[in-house]
Amino acid sequence: MRRRQAATLAAATVLSRCTAVPHITGLTGHDVALPGHRQPRDPGPLDESAALLEEFNLQRALSAAPIVIGNKVTLLPGGAQAFAAMFQALGAAKDSINLEYFILADIESGGVHLSEILLDRLNAGVRMNIIYDSYGSRNTPAAFFDSLKRAGAKMLDFHPIDPLKAGLKWAPNDRDHRKIMVVDGRVGFTGGINLDKAYENPPSAGIPPDGNTAHAYWLDTAVRIEGPAVAELQKLFFGTWQEQKAPAPDPADYFPSLPRMGVQTIRIIGSSPGDKEPLYYASLLTAIKNARRRVWLCSGYFVPPHQEREDLYQTARAGIDVRIVVPAFSDVEAAVYAARAAYGDLLESGARIYEVHDAVVHAKLAVVDDTWTVVGSSNLDRRSVIFNQEVDAVILGHDTAAQVEALLRQYMTMARPVTLDRWRRRSITERVRELEARIWQYWM
Numbered sequence: 001m002r003r004r005q006a007a008t009l010a011a012a013t014v015l016s017r018c019t020a021v022p023h024i025t026g027l028t029g030h031d032v033a034l035p036g037h038r039q040p041r042d043p044g045p046l047d048e049s050a051a052l053l054e055e056f057n058l059q060r061a062l063s064a065a066p067i068v069i070g071n072k073v074t075l076l077p078g079g080a081q082a083f084a085a086m087f088q089a090l091g092a093a094k095d096s097i098n099l100e101y102f103i104l105a106d107i108e109s110g111g112v113h114l115s116e117i118l119l120d121r122l123n124a125g126v127r128m129n130i131i132y133d134s135y136g137s138r139n140t141p142a143a144f145f146d147s148l149k150r151a152g153a154k155m156l157d158f159h160p161i162d163p164l165k166a167g168l169k170w171a172p173n174d175r176d177h178r179k180i181m182v183v184d185g186r187v188g189f190t191g192g193i194n195l196d197k198a199y200e201n202p203p204s205a206g207i208p209p210d211g212n213t214a215h216a217y218w219l220d221t222a223v224r225i226e227g228p229a230v231a232e233l234q235k236l237f238f239g240t241w242q243e244q245k246a247p248a249p250d251p252a253d254y255f256p257s258l259p260r261m262g263v264q265t266i267r268i269i270g271s272s273p274g275d276k277e278p279l280y281y282a283s284l285l286t287a288i289k290n291a292r293r294r295v296w297l298c299s300g301y302f303v304p305p306h307q308e309r310e311d312l313y314q315t316a317r318a319g320i321d322v323r324i325v326v327p328a329f330s331d332v333e334a335a336v337y338a339a340r341a342a343y344g345d346l347l348e349s350g351a352r353i354y355e356v357h358d359a360v361v362h363a364k365l366a367v368v369d370d371t372w373t374v375v376g377s378s379n380l381d382r383r384s385v386i387f388n389q390e391v392d393a394v395i396l397g398h399d400t401a402a403q404v405e406a407l408l409r410q411y412m413t414m415a416r417p418v419t420l421d422r423w424r425r426r427s428i429t430e431r432v433r434e435l436e437a438r439i440w441q442y443w444m
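Numbered as in UniProt numbering, the sequence shown ends at 444 without a single skipped number.
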């Protein structure tokens, strides 16, 4: 089903505009150090406060996206854990619920359906605004949305894929890939996890014999955020609503005063197709080029633009520990083969690539050194840079970095390392499939 959806979207994009990934200039790298920034060296203990201050100043210089202190961050690996936390927050809502999701379905957790919680909160007088992507949520029954709308929820169908419904604004290639949940303006969730029934599958599901990823186990992660950074998620939500020119609720009623709830420093970065310079992409490239110890990445779709691939190559050559976790099976099969076509240079440079065979990797994670961590919706591909609306939480601090490091190590134990020798000995059939996939990689 998902593969047919991908083919439909790919066909539609042929009719839409072609956009090049912008080249990000002004980045320093391993050949040119930032003022006061030490070059890569043998791993050793760092002064934590100095390292954090350095990272803080580097990130602050990148763009206007604010760095917000005083937050509490809870990592939520896996659909079961994420859905349980989300349902708990939704069930406790007293004032408002805002949802913005690529896939929005009537998921279930603990024997309760999402629709039951949302309808209960609507009946209790809670205000509710929902943005769902027209393409991503195309398999969700209309009855789900209709029941919420009748109960008082305001709904926004992002960029309808039906040209008759979209009219002159038809933009089938521009999708809302964000995952945002904000409850009462005080609790926020984001990351890679959609409100999709596939996340209900247990770890024992693995990869079914027929390869149907809808019935497979999915590796993904979300974060729960409390504190001032929640307002940044709320701003992105209303920015999307206003950009779509839908009848808008008054945003002023959705921003309560937010006290500090913890010690985490967060930068919420929203990206949109209309951005002159994609902020998260620029931030990630800067982090990669200035890494001193390691760059560990995880992406459900690994078809990086040329500059990103080159920066990873140069970073690995400089002796930095570069590791990349990717799926061996995916709901977009062509993306796996497009990724494999580009393994050669990375493996030759010393980067390590891990393919997970017993689950569908969908997480979008990054850890650079010991202080810079990302949990978000952006994949390492062109689509996330130039076609999608994305949201990524950049978290500065050692605690979250250590947690994501542990999670990535767990993923690596589930994976098979890809060796350069094995890659060079792949079959003619595999090479042909890689060549076919590269024809479509621009739209992946």
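Each residue gets a CB set at the ideal place from its N, CA and C atoms; glycine is no exception.
Computed from a prediction, not measured in an experiment: that's the story for all the values here.
Cβ-Cβ separation, residue j to residue i (assumed contact under 8 Å), whole Å
i    : j    : result
D381 : P259 : Wrong, their Cβ atoms sit about 38 Å apart, outside the cutoff.
F329 : H357 : 7 Å
Q234 : V73  : Their Cβ separation, rounded to whole angstroms, is 17 Å, which puts Q234 and V73 out of contact at 8 Å.
V183 : A282 : About 31 Å; that fails the 8 Å criterion.
E232 : P66  : 7 Å
L408 : C298 : 6 Å
P249 : K154 : 6 Å
V187 : V230 : 7 Å
C-beta atoms of residue i and residue j nearer than 9 Å
i    : j    : result
A214 : A82  : no
A366 : V295 : yes
R317 : I395 : no
G79  : M261 : no
N379 : Y313 : no
P190 : V360 : One detail in the question is off: residue 190 reads as Thr in this sequence, not Pro. No.
A291 : I320 : yes
G185 : S96  : yes
V336 : A437 : yes
P163 : S134 : no
K119 : L90  : The displayed chain sequence assigns Leu, not Lys, to residue 119. Contact flag unset, no.
D399 : S377 : no
V385 : I353 : no
I180 : L236 : yes
F238 : Y217 : no
P22  : K289 : no
T373 : V404 : yes
A406 : D370 : no
R175 : R383 : yes
D106 : F158 : no
R178 : Q389 : yes
L156 : G136 : no
N201 : F387 : no
Segment limits, beta strand (DSSP E) that includes residue i
i    : result
L76  : V68 to P77
L104 : No beta strand (DSSP E) holds L104; DSSP gives it neither H nor E.
V385 : Note, V385: premise wrong, no beta strand (DSSP E); not H, not E.
V183 : K179 to V183
Boundaries (first-last residue) of the alpha helix (DSSP H) holding residue i
i    : result
L164 : P163 to A166
L396 : Taken as a continuous stretch (DSSP letters only), L396 belongs to no alpha helix (DSSP H), being part of the beta strand (DSSP E) at N388 to L396.
Note down, one range per segment and in chain order, each alpha helix (DSSP H) of at least 4 residues found wholly within the region 285-371. 306-317, 333-341 and 343-349
Would you be able to state if there are at least three C-beta pairs under 8 Å between the region 336-347 and the region 267-275? no
Please go through the region 188-275 and give each complete beta strand (DSSP E) segment of 3 or more residues, from N-terminal end onward. 221-226 and 264-271
Assess, as a yes-or-no matter, whether the region 302-320 is touched by the region 411-428 under the definition of 3 or more beta carbon pairs within less than 8 Å. no
Please specify which runs of the beta strand (DSSP E), each continuous and at least 3 residues long, are wholly inside the region 114-157, giving them in chain order. 127-133
Validate contact between the region 182-202 and the region 79-95 using beta carbons, cut 8 Å, 3 pairs: yes
Sufficient close CB pairs (3 or more, under 8 Å) joining the region 120-134 to the region 90-107: yes
Write down every uninterrupted run of the beta strand (DSSP E) in the region 395-440 whose length is 3 residues or greater and which is fully enclosed by it, in chain order. 415-418
With a cut-off of 8 Å, do at least 3 Cβ pairs link the region 152-171 to the region 234-252? yes
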